[in-house]
Amino acid sequence: MSKRSMMKKTLAIAMFCVSGIALTALPSKAETKTGNPDNGVTQVRTGTPKTLTQEIELSQNAIVKSYIKAFLNQKERFGRMLGLSKYYFPIYEKVLKEHNMPDQLKYISVIESALNPHAVSTAGAAGPWQFLNEIGKRYGLAVNDSLDERRDPLLACNAAANYLQESYNMYGNDWLVAIASYNAGRNNIKWAMEDSGGKTNYWELRKYLPAETQSYVPAFIATVIIMNNPGRYGIEPIMGDFPVDTKTLQLKKSFSMENVAKAANISLDQLCALNPAYKKLTVYCTEKSPKRLVLPILPGFAYNAVYKELGFPLDPDLPMAPKVIKYYISYRVQQGDTFDVIAEKFKITPEEVKRLNKMNDTSVLTPGMMLQIGQG
């Protein structure tokens, strides 16, 4: 193997490492390289068009279809990721909109980590967007004994957006090539363009890229298609055990995660799940170095008890004592169900049902829909 070939392989592994969806379960190299990838291409746009720069053109060709077929052996895993997306995707969507970038880029986090902020690759890449330490620091993510901002979904997404925007501008304004660079690293993209005689289209470059990156982009496209059409593929969301609605406080005074959880009467695990960047239970912060604390929005949540613990002014309109929710269950909506009927069934209020499931007075219940229900 030549020195350059060895460097290409090393960079593909070391830049951003796939730990989300197992690429080993995907079609073999022989299967994915047969035929012209542009033959029988159908252009697919997913979701509602947004006021962004553009959407990514997703080619549902034979290669991508083979990845969709392979992924359908992981329906339960996709169900869990759909559940997690209820929390993580709104965070990513806000960041990408602020950068004026395509909404579909949020699915890179699915491929990278299966939306797991604690994912760590064999090469040491960490967090939902799988940054290596040195690259994370280059894009503003702090890593030290008490903090790892690569695990913060908001900050990591912002760093990923900066990287992807740079790659997009660098490689002929092709989002698929920018996505490939996220996996392969920029040197591998540069070398592939040289080896191909100057081609800049991803599908034309694909055979010149490292094997893992040849899988990466079709896997990305397949993931976007499946997660935008779960019903078509027989996949239902599996809701997690933490709420999807949150409130974020900007703190300039050190605090104890244990004391906050106790004041709020929620589990420490639940609070830590919403604040994965903190390695220690005491979080140090100052006026010059503030830190964010993400709190769950739950019916009867004791905000004032938390505010008192943190030294915030109390709000007379908020409850001092929490309503105790011991566990959550998943409920499938039945024919004839209304918010009132479901609330009566579980001895809670219709507002609690709506709040836990990010719904409002205009929301419509349909048979088969899965809801999260809090129980005392």
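Heads up: the sequence shown runs through residues -24 to -1, 1 to 352, numbered per mature numbering (1 follows the signal peptide of the UniProt record, and there is no 0).
All C-beta atoms, glycine included, are put in the ideal place defined by N, C-alpha and C.
- Burial is judged here by how many other beta carbons sit within 10 angstroms of a residue's own beta carbon; residue 128 has at least 16 and is buried.
- Under the three-state reduction of DSSP, residue 343 is assigned to coil, being neither helix nor strand.
- The C-beta distance from residue 56 to residue 214 rounds to 5 angstroms, short enough to fall under 8 angstroms.
- The straight-line gap separating the alpha-carbon atoms of residue 165 and residue 185 is approximately 7 angstroms.
- Within the stretch 115 to 200, the alpha helix (DSSP H) runs of at least 4 residues that lie entirely inside it are, in chain order, 129 to 146, 151 to 160, 162 to 171, 178 to 181.
- Excluding residues up to 5 positions away in sequence, 122 lie with their Cβ nearer than 6 angstroms to the Cβ of residue 256 in the same chain.
- If you compare the alpha carbons of 346, 304, 58 with that of residue 86, the shortest gap goes to 58.
- Look at residue 93 here: in three-state DSSP terms it is coil, with no helix or strand label.
- By the CB criterion at 7 angstroms, residue 194 and residue 39 fall inside the cutoff.
- Rounded to whole angstroms, residue 259 and residue 271 show a C-alpha spacing of 15 angstroms.
- For residue 211, the closest C-alpha among the options 305, 48, 132 is that of 48.
- Here DSSP, grouped into helix, strand and coil, assigns residue 271 to strand.
- Fully enclosed alpha helix (DSSP H) runs of no fewer than 4 residues occupy 233 to 240, 244 to 250 of the stretch 218 to 255, in order along the chain.
- When secondary structure is reduced to three states using DSSP, residue 107 falls in the strand class.
- Out of 88, 119, 99, 115, the CA that lies nearest to the CA of residue 105 is found in 88.
- Cβ neighbours of residue 289 within its own chain (closer than 8 angstroms, five residues either side excluded): 283.
- Taken through DSSP and simplified to helix, strand or coil, residue 59 comes out as helix.
- By DSSP's assignment, residue 258 forms a beta bridge with 232.
- Residue 227 and residue 151 have their C-alpha atoms some 37 angstroms from each other.
- Apart from the 5 residues on each side of it in sequence, residue 219 sits with its Cβ closer than 7 angstroms to the Cβ of 272, 273, 274, 332 in its chain, given in chain order.
- Contact between residue 178 and residue 200 does not hold, since their C-beta atoms are separated by about 14 angstroms, which reaches or exceeds 8 angstroms.
- Secondary structure at residue 305: strand, using DSSP grouped into helix, strand and coil.
- Annotation for residue 281: the continuous alpha helix (DSSP H) segment containing it runs 279 to 286.
- Taking one beta carbon from each stretch, the stretch 133 to 152 and the stretch 63 to 80 have 3 or more pairs nearer than 8 angstroms; the two touch.
- For the 7 angstroms CB-CB criterion, residue 60 and residue 91 form a contact.
- From the listed residues 341, 337, 329, the smallest Cα separation to residue 348 is found for 329.
- By the beta-carbon neighbour count (other beta carbons within 10 angstroms, threshold 16), residue 95 is buried.
- DSSP, read as helix, strand or coil, puts residue 44 in helix.
- Within the DSSP secondary-structure output, residue 351 pairs in a beta bridge with 303.
- Burial check for residue 251: the Cβ neighbour count within 10 Å reaches 16 or more, so the residue is buried.
- As a beta-bridge residue in DSSP terms, residue 102 pairs with 96, 107.
- When DSSP states are grouped into helix, strand and coil, residue 85 belongs to the helix group.
- According to the DSSP assignment, residue 337 belongs to no alpha helix (DSSP H), since it is labelled neither H nor E.
- For residue 318, the enclosing alpha helix (DSSP H) starts and ends at 315 to 322.
- The alpha carbon of residue 263 has as its nearest neighbour, out of 115, 230, 319, the alpha carbon of 230.
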